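In full-length UniProt numbering, the protein residues as written are 1 to 148.
Contents: one structure, followed by commentary.
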């Protein structure tokens, strides 16, 4: 019974499908830049909401950088007064803050997204499944922040 079912497509269908793949798969030109897609409004996409230099309405990039610097300063102060000798001599520190993930009520119905408060306070970033890593390295006065 099952032996009579054919899995071959008609030759016209495969040829048309092959042509379609050939014509739609094109490489972007070397000099052409694709516009970046962000998950939240930017000054370029929503100038009526956000001005240049702002990450969220009313808050500049510098504000978030200062918040991250204050966090590192408080960690360094805590290590300086700590009773453990290893904490006082340690110069390299890393802080990892994870964003919230999208949660679902049922199979395909998501809850309204609410960002992790600490992540939002330090970054102003509204994307799901992200991470902020702040590390001091050798220069404790200029910590580096990296987002994934």
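Even for Gly, the Cβ is constructed at its ideal location relative to N, Cα and C.
In this text the structure is predicted, and so the values were computed from the model without any measurement.
Here residue 129 has 99, 101 as same chain residues with Cβ atoms under 7 Å from its own Cβ, once five neighbours each way along the sequence are excluded. Boundaries of the alpha helix (DSSP H) around residue 75: 61-81. Separation of residue 103 and residue 65 (C-alpha to C-alpha, rounded to the nearest whole angstrom) is 29 Å.
Take the alpha-carbon of residue 134 and the one of residue 96: they are about 7 Å apart. By the Cβ neighbour-count rule, residue 114 is exposed, with fewer than 16 other Cβ atoms within 10 Å of its own. Only residues of its own chain outside the window of five on either side were considered, and among them 43 have a CB closer than 8 Å to the CB of residue 52, listed in chain order. For residue 120, the enclosing alpha helix (DSSP H) begins and ends at 117-123. In this structure, the CA atom of residue 131 is about 12 Å from the CA atom of residue 124.
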